[in-house]
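Report on the structure given below.
4 protein chains.
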Amino acid sequence: MATHRFHPLRYFNVIGTAEPCLRISDGDTIITDTVDASGLDAHEAAVAQRPNPMTGPFFVEGAEPGDTLAVRIDRLTPSRATGWTYSPLSHTVLDPAAIADQPSQQRAVWSIDREAGTVQLREPVKGLETFSPPLQPMIGCFGVAPAGGQALSTATSARNGGNMDYRLFAPGTTAWFPVSVPGALFYLGDGHACQGDGEIVGTGIETSFEMEVTLRVLKRTIGWPRGETADDIFTVGNARPLDQALQHATTEMLRWLGEDYGLDSRAASHLMGQVVRYDVGNVFNPAFTVACRIARQWLPKL
Amino acid sequence: MATHRFHPLRYFNVIGTAEPCLRISDGDTIITDTVDASGLDAHEAAVAQRPNPMTGPFFVEGAEPGDTLAVRIDRLTPSRATGWTYSPLSHTVLDPAAIADQPSQQRAVWSIDREAGTVQLREPVKGLETFSPPLQPMIGCFGVAPAGGQALSTATSARNGGNMDYRLFAPGTTAWFPVSVPGALFYLGDGHACQGDGEIVGTGIETSFEMEVTLRVLKRTIGWPRGETADDIFTVGNARPLDQALQHATTEMLRWLGEDYGLDSRAASHLMGQVVRYDVGNVFNPAFTVACRIARQWLPKL
Amino acid sequence: MATHRFHPLRYFNVIGTAEPCLRISDGDTIITDTVDASGLDAHEAAVAQRPNPMTGPFFVEGAEPGDTLAVRIDRLTPSRATGWTYSPLSHTVLDPAAIADQPSQQRAVWSIDREAGTVQLREPVKGLETFSPPLQPMIGCFGVAPAGGQALSTATSARNGGNMDYRLFAPGTTAWFPVSVPGALFYLGDGHACQGDGEIVGTGIETSFEMEVTLRVLKRTIGWPRGETADDIFTVGNARPLDQALQHATTEMLRWLGEDYGLDSRAASHLMGQVVRYDVGNVFNPAFTVACRIARQWLPKL
Amino acid sequence: MATHRFHPLRYFNVIGTAEPCLRISDGDTIITDTVDASGLDAHEAAVAQRPNPMTGPFFVEGAEPGDTLAVRIDRLTPSRATGWTYSPLSHTVLDPAAIADQPSQQRAVWSIDREAGTVQLREPVKGLETFSPPLQPMIGCFGVAPAGGQALSTATSARNGGNMDYRLFAPGTTAWFPVSVPGALFYLGDGHACQGDGEIVGTGIETSFEMEVTLRVLKRTIGWPRGETADDIFTVGNARPLDQALQHATTEMLRWLGEDYGLDSRAASHLMGQVVRYDVGNVFNPAFTVACRIARQWLPKL
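Chains as they are written, first to last, in the UniProt record's numbering: chain A, 1 to 302; chain B, 1 to 302; chain C, 1 to 302; chain D, 1 to 302.
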């Protein structure tokens, strides 16, 4: 159960099979640096290219195709005092008739106050003078090498994870990814200081981070990313349209409730029908992300 | 500000222009009975036909096309001790490859315990012996007559409301509907004792209700249903696929933030981008329902 | 087998249950007038309102719910020498990023030359000085009253037909509609002098027509509109997104190949897999239209 | 203008950046072998793996990012006398309610008669005893290396081409692909002896081929694949749902009509609105394919 402090020297814009940056053991912890979505590091130096440059890949000893990599998000610490977003709203979330009325795309800078635990626009905007939502760090893009020799752009996501931009990928959550290659080859980056549902301006508050994660190999097989928080379990589907992402997530939850909680399809539907929650991870990237979430309080005790 | 106790004699399976069952004044309260989605009343007598028989229409004096009807949901009291659901999960939420594996559709009966404030399956199901989620009454289907002489099935929803199956249409919420005909012609019914996101078994816990609502005419124009709760404001889009429903809801929220809170498109996007929440009302009916929701705490103080 | 010359006095913007304008016998022919999509008649007088004012409804003796109404399109004769279209392309067919670059919507007038059998823009447009495609009349919107007391806007389409804007609804084609009310209640209008696939400018060349159709009751049940031409049989699905419209059309074709041609699902798939054609009726209206078409030459001889 | 006879020794299941199998000059012709979608060669020996093993990549001297690679399909000769398909219809083209009624997936073998120019099921199927559609060879999957170091599965398609399964990628057609890497890195394979629209059984008639193509570098930039036949020009969009694929294709055609035919957006819409044709390439793969096609007879003479 070693802890590795890794300083990346290069970054990746695809998630695929590449030379590992570090080999670690099952159960080890990594502390490392990530740059923002545009490649700016803690000093706002441009050290990598768009989109979403990844730190990695980390080779986890013992991880084999068919296994699951469990990634506990221990800590996400912004490594600088500012982040940026775009405005206005993305085309993907507007009625087509409203698109032409939108102003041009601009980049805005936000102050990140780690002491206060808040973020705030640096330049005042009329009506938002006091708007100061909480600092809620999350990982926008992370995952493992996909199957079949694919190398997938960090702009998008798939079964192997990737650019899901889901705000529950936050400290305290353990994310699960289906392993397709020996060593899993885990990548991470694209941290956000805050983000609403859907990443509807095309960004969260993009900044550089020091991230701490603990990686564990589970000898079980999953179809899509999953997650565990203190309060919930959730599954994630990545696809277009949202309907298909939701179908992937729901089908994976049905499978999970059967595997771990002994619920057959009918029983699972009784439970899900009354208490399921759907979250929209992103509705901006090439593949949209929907999470199917169930509070632990409703799960059968085993 | 009169209160009317109305006992329905007939029910409607379309929302359209029909002879009003009652004329009320702006600000009046209605206490009335609704039957369940299959037409069973408080005595489980079959008094109406599928789908979703509606009580109404109520003519509200002073409501004119271009106005908004605000419907405060004062109270939703189940009028019998049981409700029913379907199982298994709907085709709309499953990967197509998983559909063939599902068991046949069955109806299950739930006990509704008004004292305890819970619901529970009447016949025990393995793994759900202690599953007893809270009684959380909501209105599945309500709205006003649509424009242009249309009569829309209560199976579906549109700009005028209808079968949205969104769990925040609950006591304490005020729903807004765009008025298209004189008197608004308001209908309601299809109460659920409980329902998760998406109505993913094709039903909530369907039962009969005594419903109490207060109707008010707002001299303002909206494009899609809106809602106000103690904590949130939300807008609703109804369409397929989910993407389009989400676009309608988001565009309507952008409009609302401009009208009432003085935020231009860019400012609204800064706010929404960090704190917006999306809820899936239903992903089962012919038109799916997505709500765009913002906590009041983030809205500019006026 | 009478022929009725009917002169409409009023027009309808919904397809639903209304007082019949004429009662005819099974097998009778109707010759009648239709106005253009905006309500202009043969003299360009505004006699009706948008959208797509319908002539009808015609009550066909002997048609009962569960039957099929077969509408042979005998003749579509433009009743004036001009029609109109919109430009530019609809939002529904453009990448969202391209929408803002489009010019404002304008109405263009086309000359309809019945002698030459062509249409041509009346005002010259650079690059289209010689563009003169054939006059290919079609019915944009027609169908029968839907089930359950619905009244559906002529802007859209559903199982009962409506605004499908499919160019094979042309002279020589027999269209089939599923009957849901006694007498079928048939409506027609919205003729186009010409239209490409998808109605991608939001219109065909809209003009008034004298239309001649022959109505026959088939004692058989269908799920979605069907059509027969000299060369093909086709089925039509109406929904969003296009995927769902295509699913409806394909499923209906599978059913037809079983009913009339003795092909089980496997055999039908072998045939369809090699020779099916898909046409996009419209990708503009609230419900999109996709046709699934098979050339008669490939059908089993019975 | 050399002609190269290339015998592949290895095959690829992703389209990405890999060591070229051959370097050729701009204008050269390649004659090579392709295996079927499951990796069977001309002798039905299994020499490669699913999905859609590719021959290539071919490096074309002078091709640079931002250029276009024009691939003239000179000849597609089946290299064995049989091919195979699946039945029944794909889940993607059926109403969800119809999925459970379908028989299990089976593989069927077809005889390919090069003399007669026809294909026929080898085992008789009731109702299809005389079903013998024409041999119409096409390329299912071909394209060039994508941008940014991606390696995309040959199961899917994107801007760079890939598994589009469009029946007009046939002899006589010249396909255009946007070049993203030096040398273009062209791959091809997955030949079909015949296929209807949509590849709705999940396959065409899959067989091995000798393919002959001529590659030319165009110093111009395109956004999506394009094609030229004797009669038509077309553009191709690859995405889900079909709506988005259609948007990509239509937007690319609008661009082409401006670049090469001098039509502004308004003029192009007048032309497209009356004469455009949409074809469904596939509605089976992860990304669906729609082509936007215009007959040359309607194009402005330059």
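Where a beta carbon is used, it is the ideal one built from N, C-alpha and C, also for glycine. Quantities reported herein were computed from a predicted structural model and do not represent experimental measurements.
Partners in chain D for residue i, counting only beta-carbon separations shorter than 7 Å
i, result
"residue 151 of chain A", "16, 149, 150, 151"
"residue 248 of chain B", "The premise fails here: residue 248 of chain B is roughly 16 Å from chain D at the closest Cβ pair, so nothing lies under 7 Å."
"residue 93 of chain C", "246, 247, 250"
Partner residues on chain C for residue i, Cβ-Cβ distance less than 7 Å
i, result
"residue 127 of chain D", "261, 262, 263, 267, 300"
"residue 58 of chain D", "What residue 58 of chain D touches in chain C: nothing, since even the nearest Cβ is about 30 Å away."
"residue 135 of chain D", "Those do not exist, as residue 135 of chain D stays about 11 Å from chain C at its closest Cβ, beyond 7 Å."
Counted within 10 angstroms of its Cβ, other Cβ atoms place residue i as buried (16 or more) or exposed
i, result
"residue 128 of chain A", "buried"
"residue 206 of chain B", "buried"
"residue 180 of chain B", "buried"
"residue 283 of chain D", "buried"
"residue 93 of chain C", "buried"
"residue 156 of chain B", "buried"
"residue 302 of chain B", "exposed"
"residue 39 of chain C", "buried"
"residue 123 of chain B", "exposed"
"residue 241 of chain C", "buried"
"residue 364 of chain D", "Absent from the model: residue 364 of chain D. The displayed extent of chain D is 1 to 302, so no value can be given."
"residue 250 of chain C", "buried"
"residue 296 of chain C", "exposed"
"residue 199 of chain C", "buried"
"residue 136 of chain A", "buried"
"residue 130 of chain D", "exposed"
"residue 245 of chain B", "buried"
7 Å Cβ cut-off: residues of chain B touching residue i
i, result
"residue 87 of chain A", "266, 269, 270"
"residue 73 of chain A", "Result: empty, since nearest Cβ-Cβ is about 20 Å, beyond 7 Å."
Neighbour list for residue i in chain D, Cβ cutoff strictly below 9 Å
i, result
"residue 241 of chain B", "241, 243"
"residue 121 of chain C", "270"
Proximal chain A residues relative to residue i, where beta-carbon distance stays under 7 Å
i, result
"residue 13 of chain D", "148, 149"
"residue 131 of chain B", "271, 298"
Partners in chain C for residue i, counting only beta-carbon separations shorter than 8 Å
i, result
"residue 195 of chain D", "273, 274"
"residue 254 of chain D", "89, 94, 98"
Cutoff 6 Å; reference residue i; Cβ partners in own chain excluding five residues on either side
i, result
"residue 81 of chain C", "112"
"residue 85 of chain B", "108, 201, 203, 205"
"residue 262 of chain D", "none"
"residue 50 of chain B", "38"
Same chain only: Cβ atoms within 7 Å of residue i, ignoring 5 sequence neighbours per side
i, result
"residue 60 of chain C", "24, 26, 69, 183, 184, 186, 215, 217"
"residue 158 of chain C", "146, 152, 238, 287"
"residue 77 of chain D", "209, 210"
"residue 103 of chain D", "88"
Cβ shell of residue i (< 8 Å), same chain only, five flanking positions each side left out
i, result
"residue 3 of chain A", "28, 29, 30, 31"
"residue 65 of chain B", "147, 179, 180, 181, 182"
"residue 120 of chain A", "110, 111, 113, 131, 132"
Under 8 Å by beta carbon: chain A residues contacting residue i
i, result
"residue 76 of chain B", "Chain A residues near residue 76 of chain B: none, gap ~16 Å exceeds 8 Å."
Exercise for the section: Please confirm if the region 200-216 of chain A is in contact with the region 259-266 of chain A, defined as three or more CB-CB distances below 8 Å between the two stretches. Expected result: With a cut-off of 8 Å on Cβ pairs, the region 200-216 of chain A is not in contact with the region 259-266 of chain A, counting fewer than three such pairs.
Practice task
Give the residues from the region 97-116 of chain C that approach chain A closer than 7 Å (Cβ to any Cβ), ordered along the chain.
Solution key: Listed by position along the chain: 97, 99, 100.
Problem - Inter-stretch contact at 8 Å, needing at least 3 Cβ pairs: the region 43-61 of chain D / the region 9-22 of chain D - result: yes
Practice task
Return the residues of the region 270-285 of chain C that lie within a Cβ-Cβ distance of less than 7 Å from chain D, sorted by chain order.
Solution key: For the region 270-285 of chain C, which is checked against every Cβ of chain D, the residues closer than 7 Å are 270, 271, 272, 273, 274, 275, 276, 277, 278, 280, 283.
Practice task
For the region 197-216 of chain B, enumerate the residues whose C-beta is nearer than 9 Å to any C-beta of chain A, in chain order.
Solution key: 197, 198, 199, 200, 201, 202, 203, 204, 205
Exercise for the section: Examine the Cβ distances between the region 219-228 of chain C and the region 219-227 of chain B and report whether three or more of them are shorter than 8 Å. Expected result: The region 219-228 of chain C vs the region 219-227 of chain B: no contact.
Exercise for the section: Count the CB pairs spanning the region 251-260 of chain C and the region 223-239 of chain C that are closer than 8 Å, and state whether there are at least three. Expected result: yes
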